[in-house]
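First the structure, in the form of structure tokens, and then the observations on it.
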Amino acid sequence: MQLRSYVALSLILTSLLAVLALGGCGTNATQVCQLSGCCGPAGDACAVPQFLYALGLSGQVSAFPINRSTGLPGTPVSTPGPTNSLGLAALNNQFLYASNPQLSLSGPAGSIDAWSINLGTGALTTVPGSPFSLGPLSIGAGLAVNKASQVLYVGDAGKIDALKADTTGALADVIGSPFPGGLNLFLTVDPQNRFLFASDDTPPGNVLAYAIDPASGALGTVSGSPFATIPGYVGNTQPGAIAVDSTGSFVYTLLVATNQIAAFKIITPSGALTPIPGSPFNSGAHPLALATVNNFLYVSNAQDGTISGYTIDPSTGELTPLAGSPFAIFAGPLAASPFGGFLYTTSSSGLLTLSIDPQTGALAQVGSPIPYGGAQLLILVQ
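Going by the working numbering, the first residue of the sequence shown is number 55, and it counts up by one from there.
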């Protein structure tokens, strides 16, 4: 049921548009260590708490504390949230944002729900002024953040909204926002906060590239954008979820119509994209979500009921299937630990924790599924 709901939300979006770092324990070492589950003898440094946020059709955002030793989620703390969100993003581990799309021309305009994050408990507190309206005929889909400029980007109908967060987490338009965009937008920002990339469902299927102003967070179109997912393709590849690798060198986007992954190298300093040799690479049937962690990339395949895994060549960005891939794991959204080690997803049996072999990238289920209904989006925050 969960995966069917996840697929349904993906189809809703298409039709509408046709739509963390390690640290010391600090002053309260005992509390932090107890929450993280990673402490050794008294006085040893430990990792700050990590939380997995799940958002779905239940109308709840649930924060699961992660035991850093086992990777397993604990008992969640929940708060009300949107029921049809298509984007979830965290800004500097302080604020959590979720898109609340406009689902019909006569319905409420798209908006962004915003919460501040209690890093001790994972609990969420509504930011004053939330939800923040995106204005008339604003769908509000995928989200991405610019941590350097404190800006949230929102994939919208034919545009990209850029919203700057103040010290409370409240959002206001960046000068020049909204910026011209495409259709069926999913967004990603490179780890260095230099560029924003968006999947574009305009035939034949493209990736849009923008340079980010380092001061304001405003977007400027990169010369040559849009970049075709498959040069010369006749029809529409229907690009969907998109991600940049952990080094900020390569961009990958799922091609739902052709069951493939388009791969690009980022040319610096311009931000232009050039296809990686061998692109597009084969995925499973109906790829829905992807996650990159270290030198691995994972894709959930809705129709196959599998997860495809690949190694990323650090020099070229080429993808090579992992031994044992595709893995027979029924999966929807994906979230990977930024330090590697674990991948999280949902299936018909609940929330799954998967260990990542650091050498081979192989996946193995850890523990039993945690009952959780309707999760469409997952994100790790610490």
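Ideal placement from N, C-alpha and C gives every residue a C-beta, glycine not left out.
What are the boundary residues of the beta strand (DSSP E) that residue i is part of?
{"i": "residue 242", "result": "241–243"}
{"i": "residue 254", "result": "249–254"}
{"i": "residue 355", "result": "350–355"}
{"i": "residue 444", "result": "For the chain, the structure presents residues 55 to 436; residue 444 sits outside this window and is missing."}
{"i": "residue 149", "result": "149–154"}
{"i": "residue 260", "result": "260–266"}
{"i": "residue 305", "result": "304–309"}
{"i": "residue 433", "result": "429–435"}
{"i": "residue 397", "result": "396–401"}
{"i": "residue 338", "result": "Note, residue 338: premise wrong, no beta strand (DSSP E); not H, not E."}
{"i": "residue 374", "result": "373–375"}
{"i": "residue 269", "result": "That residue, residue 269, is in no beta strand (DSSP E); it is neither H nor E in DSSP."}
{"i": "residue 142", "result": "142–145"}
Classify residue i as helix, strand or coil using the three-state DSSP reduction.
{"i": "residue 296", "result": "strand"}
{"i": "residue 417", "result": "strand"}
{"i": "residue 382", "result": "coil"}
{"i": "residue 363", "result": "strand"}
{"i": "residue 324", "result": "coil"}
{"i": "residue 426", "result": "coil"}
{"i": "residue 129", "result": "coil"}
{"i": "residue 166", "result": "strand"}
{"i": "residue 134", "result": "strand"}
{"i": "residue 332", "result": "coil"}
{"i": "residue 274", "result": "strand"}
{"i": "residue 226", "result": "strand"}
{"i": "residue 408", "result": "strand"}
{"i": "residue 55", "result": "The predicted model places residue 55 with a pLDDT of 42, which falls under 50 and marks its position as unreliable; any figure quoted below should be read in that light. If DSSP states are grouped into helix, strand and coil, residue 55 belongs with coil."}
{"i": "residue 14", "result": "With the chain covering only 55 through 436, there is no way to say anything about residue 14."}
{"i": "residue 237", "result": "coil"}
{"i": "residue 288", "result": "coil"}
{"i": "residue 346", "result": "strand"}
{"i": "residue 94", "result": "Model confidence at residue 94 stands at a pLDDT of 42, short of 50, so the residue's coordinates are unreliable and nothing is read from them."}
{"i": "residue 281", "result": "strand"}
Out of the options, which has the shortest C-alpha to C-alpha gap to residue i?
{"i": "residue 412", "options": "106, 392 and 231", "result": "392"}
{"i": "residue 304", "options": "243, 258 and 276", "result": "243"}
{"i": "residue 155", "options": "290, 170, 148 and 139", "result": "139"}
{"i": "residue 190", "options": "232, 171 and 169", "result": "232"}
{"i": "residue 239", "options": "225, 209 and 247", "result": "209"}
{"i": "residue 204", "options": "417, 195 and 216", "result": "216"}
{"i": "residue 117", "options": "150, 123 and 111", "result": "150"}
{"i": "residue 320", "options": "227, 414 and 248", "result": "248"}
{"i": "residue 276", "options": "342, 282, 283 and 264", "result": "264"}
{"i": "residue 114", "options": "134, 291, 418 and 176", "result": "134"}
{"i": "residue 132", "options": "408, 290, 180 and 406", "result": "180"}
{"i": "residue 294", "options": "145, 222, 241 and 105", "result": "241"}
{"i": "residue 252", "options": "347, 214, 289 and 222", "result": "214"}
{"i": "residue 145", "options": "326, 109 and 200", "result": "200"}
{"i": "residue 311", "options": "299, 372, 266 and 257", "result": "257"}
{"i": "residue 396", "options": "112, 168 and 127", "result": "127"}
{"i": "residue 262", "options": "268, 297 and 229", "result": "297"}
{"i": "residue 167", "options": "143, 176 and 368", "result": "143"}
Could you check how far apart the C-beta atoms of residue i and residue j are, in whole angstroms? I think they sit under 8 Å.
{"i": "residue 141", "j": "residue 197", "result": "4 Å"}
{"i": "residue 309", "j": "residue 278", "result": "Contact doesn't hold; Cβ gap of about 20 Å is too wide."}
{"i": "residue 12", "j": "residue 192", "result": "Summary: the structure shown does not reach residue 12, with the chain confined to residues 55 through 436, and so no result is reported for it."}
{"i": "residue 245", "j": "residue 302", "result": "5 Å"}
{"i": "residue 416", "j": "residue 385", "result": "That pair is no contact at about 15 Å."}
{"i": "residue 349", "j": "residue 361", "result": "With 8 Å as the limit, residue 349 and residue 361 do not qualify as a contact, their Cβ atoms being about 17 Å apart."}
{"i": "residue 183", "j": "residue 224", "result": "5 Å"}
{"i": "residue 314", "j": "residue 335", "result": "6 Å"}
{"i": "residue 292", "j": "residue 254", "result": "Contact doesn't hold; Cβ gap of about 10 Å is too wide."}
{"i": "residue 351", "j": "residue 306", "result": "6 Å"}
{"i": "residue 178", "j": "residue 429", "result": "That pair is no contact at about 16 Å."}
{"i": "residue 7", "j": "residue 337", "result": "With the chain covering 55 to 436 only, the question about residue 7 has no answer from this structure."}
Within the segment 171–224, note down every full beta strand (DSSP E) run reaching 3 residues or more, in order along the chain. 178–180, 197–200, 205–210 and 213–219
Any alpha helix (DSSP H) of 4 or more consecutive residues that is wholly inside the segment 98–124: none
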